[in-house]
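S.K.: Numbering (the working numbering), first residue to last: -1 to 171. Below: one structure in structure tokens.
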Amino acid sequence: MNKRLIAALALMVVVAVAISALMPEAVKPVRAGDLAKPISLPDLQDKLQGLPKGKVVLLNFWATWCPPCRKEVPSMVKLYNQLKDKGFEIVAVSVDRNRDDVVRFVKEQHMNFTVLHDVNSSTAQGYGVFRYPETFIIDRNGKVRQHLNGAVEWMEPEFMDYIEKLLAEPIAK
């Protein structure tokens, strides 16, 4: 084989290895059965918040510009109002760029649960979210029990029963 060709191939291999070493590690999406990844994002008062401990959490990634997201919010508000005193929390993570859009929408929709702002979508990306809305239902022990894609009518009996079943489960010691 020609020495120039061998040298060129060797150089290409070295460059490819160097490039792959500099590439960011692929994000492993969060799936049912995984522990929820910790989050730290500002709420609408700019106070950093994470996921509540010891509660059943509906972690919802959404945006004001997303029609299915907007459609599911009223049922989320109803669900929260019905279960908030039983150890249930909703953490709604908006990926909107404009904070004012989020504040206005939250007020209009009477979203009285935790709303966080993921302005650069880094938390959404860390969860492997790539379409909206996406929801993770997390049990009292921090384990993701379900990962749902698309809008959900949260007051449907199948979801109410499922969440109530999780609320009845004990916290692991």
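Glycine included, C-beta positions come from ideal geometry on N, C-alpha and C.
#1: Assess contact between the segment 49 to 60 and the segment 97 to 109, defined as three or more Cβ pairs (one per stretch) separated by less than 8 Å. Is contact present?
#2: From L49 to I161, what distance separates their C-alpha atoms?
#3: Round the Cβ separation of L114 and V89 to the nearest angstrom and send it over; I've been treating them as touching at under 8 Å.
#4: Ignoring anything shorter than 3 residues or poking outside the segment 106 to 145, list the beta strand (DSSP E) runs there in chain order.
#5: So which of L165, Q144, N110 has the shortest CA-CA distance to A34?
#6: Mapping DSSP to helix, strand and coil, what is E154?
#7: Would DSSP call N0 helix, strand or coil?
#8: My assumption, with CB atoms under 8 Å, is that N147 sits in contact with I169. Please give the rounded CB distance.
#9: Taking only the alpha-carbon atoms, compute the straight-line gap between E154 and P40 and give it to the nearest angstrom.
#10: Near F108, which residues of its chain fall below 8 Å by C-beta distance, leaving aside the five closest residues on each side in sequence?
#11: Under 9 Å, do D32 and K141 count as touching if we go by C-beta distance?
#12: Looking at C-alpha atoms only, which residue of E156, Q47, F134 is the closest neighbour of D116?
#13: Would you give the residue range spanned by the beta strand (DSSP E) that V89 belongs to?
#14: Take the Cβ of A166 as the centre, count every other Cβ of all protein chains shown within 10 Å, and call the residue buried at 16 or more, exposed below.
#15: Is P40 helix, strand or coil when you go by DSSP?
M.R.: The answer reads as follows:
#1: No, they do not touch.
#2: To locate residue 49, count along the sequence shown from 1; it is residue 51. To locate residue 161, count along the sequence shown from 1; it is residue 163. Whole-angstrom Cα-Cα distance: 17 Å.
#3: The residue you call residue 114 lines up with position 116 of the sequence shown. The residue you call residue 89 lines up with position 91 of the sequence shown. Between V89 and L114 the Cβ distance is about 6 Å, and since that is below 8 Å, they are a contact.
#4: Counting only runs of 3 or more, we get 112 to 115, 132 to 136.
#5: Sequence index remark: in the sequence shown, residue 34 carries index 36 (1-based). Closest in C-alpha terms to A34, from the list L165, Q144, N110, comes Q144.
#6: Locating residue 154 in the sequence shown gives position 156, where the first residue counts as 1. Three-state result, E154: coil.
#7: As a working mapping, residue 0 is identified with position 2 in the sequence shown. It is coil, neither helix nor strand.
#8: Within the sequence shown, residue 147 is the residue found at index 149, counting from 1. Within the sequence shown, residue 169 is the residue found at index 171, counting from 1. About 28 Å; that fails the 8 Å criterion.
#9: Your numbering for residue 154 matches position 156 in the sequence shown. Your numbering for residue 40 matches position 42 in the sequence shown. The C-alpha of P40 is placed about 31 Å away from the C-alpha of E154.
#10: Along the sequence shown, read from residue 1 onward, the residue named residue 108 stands at position 110. Note that residue 108 corresponds to His in the displayed sequence, not to Phe. For H108, where only same-chain residues beyond five positions count, the Cβ hits under 8 Å are V75.
#11: The residue given as residue 32 occupies position 34 in the sequence shown. The residue given as residue 141 occupies position 143 in the sequence shown. Note that the C-beta distance between D32 and K141 is below 9 Å.
#12: Counting from one through the sequence shown, the residue named residue 116 turns up at place 118. Minimum Cα-Cα distance from D116 among the listed residues E156, Q47, F134 corresponds to Q47.
#13: Translated into positions along the sequence shown, residue 89 becomes position 91. For V89, the uninterrupted beta strand (DSSP E) segment begins and ends at 86 to 92.
#14: Within the sequence shown, numbered from 1, the residue matching residue 166 stands at position 168. Looking at its Cβ environment, which holds fewer than 16 other Cβ atoms inside 10 Å, A166 is exposed.
#15: Here residue 40 corresponds to residue number 42 of the sequence shown, with the count starting at 1. In the displayed model, P40 falls within a strand according to three-state DSSP.
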